[in-house]
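Numbering (our numbering), first residue to last: 3 to 259.
In structure tokens form, the structure reads like this:
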């Protein structure tokens, strides 16, 4: 199916797979776009209806003023699901995208079936130095952030690829994303999530350390935790095979596919 424009919202999504399959909606993290999920889209489209959202101001989506970023981004995901007629979807959120998935699960639990929370936490904090770095030299900051996001085993090509993706998002949207993350705190409410949940952590993630994922595992009663050895923050790009296998096993259990 390819790229779909969500009418009246000014955003785009990548959609693949048979419309009768169990829907899986991928939500990217700060400074990124649907592009980061391309290895998952290719892998899962054979058995699932897969949709990767470009949030407002990311990828090919419009860059309109957003007001409250968390509400806007959650609204993007919900609008995409409604437009495409997706019911009982699994939300797969990475980092900021995981925060959006948590927000939706807590505030509109009836619209989703299950969750995959990758490299995220119930609270996300951003070091002030990151904002200063982006203000001084965003192009240089994009490269530095790419290196910081990836584990030691990531090759030069992946560092450059991720750096280009962040740079392409631009300073305005990326700063907005990090500010949203910095204000995100659902540590007191996350235990209310009742959806089946897979939590995926990168063993070498310094942005959202494994302890963040362990907290989610402790608080979300119907959850399981997978830690990917050697991976940093971008585990779905660094080790797509093992990430996909973990998610596939979970999807198979919750969807019966």
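The beta carbon of each residue, even a glycine, is placed where N, CA and C say it ideally should be.
Quiz item: What residues in its chain sit with their C-beta under 6 Å from that of residue 19, if we drop five residues either side in the sequence?
Solution: 47, 50, 51, 52
Quiz item: Could you give the C-beta distance for residue 106 and residue 79, rounded to a whole number, given that I count them as a contact under 8 Å?
Solution: 6 Å
Exercise. Note the first and the last residue of the continuous beta strand (DSSP E) segment covering residue 228.
Key: 225-230
Quiz prompt | residue 237 vs residue 230 beta-carbon contact at 7 Å | solution = yes
Self-check item: According to DSSP, residues forming a beta bridge with residue 4
Solution: 17
Quiz item: Whole alpha helix (DSSP H) runs in the region 66-114 with 4 or more residues, listed along the chain?
Solution: 71-86, 98-109
Quiz item: For the alpha helix (DSSP H) that residue 170 lies in, which residues bound it at each end?
Solution: 158-171
Quiz item: Between residue 233 and residue 153, is the Cβ-Cβ spacing less than 7 Å?
Solution: yes
Quiz prompt | Integer-rounded CB distance, given that residue 71 should sit under 8 Å from residue 178 | solution = 5 Å
Quiz prompt | Nearest neighbour of residue 244, chosen from 97, 103, 73, 120 [CA to CA] | solution = 120
Quiz item: If you count every other CB in all the chains shown that lies within 10 Å of the CB of residue 224, and 16 or more means buried, which is it?
Solution: exposed
Self-check item: Contacting residues, own chain, Cβ-Cβ under 8 Å from residue 255 (five flanking each side not counted)
Solution: 198
Quiz item: With 16 other CB atoms within 10 Å as the buried threshold, where does residue 11 fall?
Solution: buried
Quiz item: Terminal residues of the continuous beta strand (DSSP E) containing residue 29?
Solution: 25-29
Practice problem: Could you tell me whether the Cβ atoms of residue 212 and residue 203 are closer together than 7 Å? | Solution: yes
Quiz prompt | Proximity test, Cβ basis, 7 Å: residue 187 and chain D | solution = Included in the structure is just one protein chain, with no chain D present.
Exercise. Grab me the residues of residue 149's own chain with a C-beta within less than 7 Å of its C-beta, minus the 5 sequence neighbours each way, in chain order.
Key: 161
Quiz item: Do residue 118 and residue 200 have their C-beta atoms within less than 7 Å of each other?
Solution: yes
Quiz item: Can you tell which of 98, 96, 111 has the C-alpha that lies nearest to the C-alpha of residue 90?
Solution: 111
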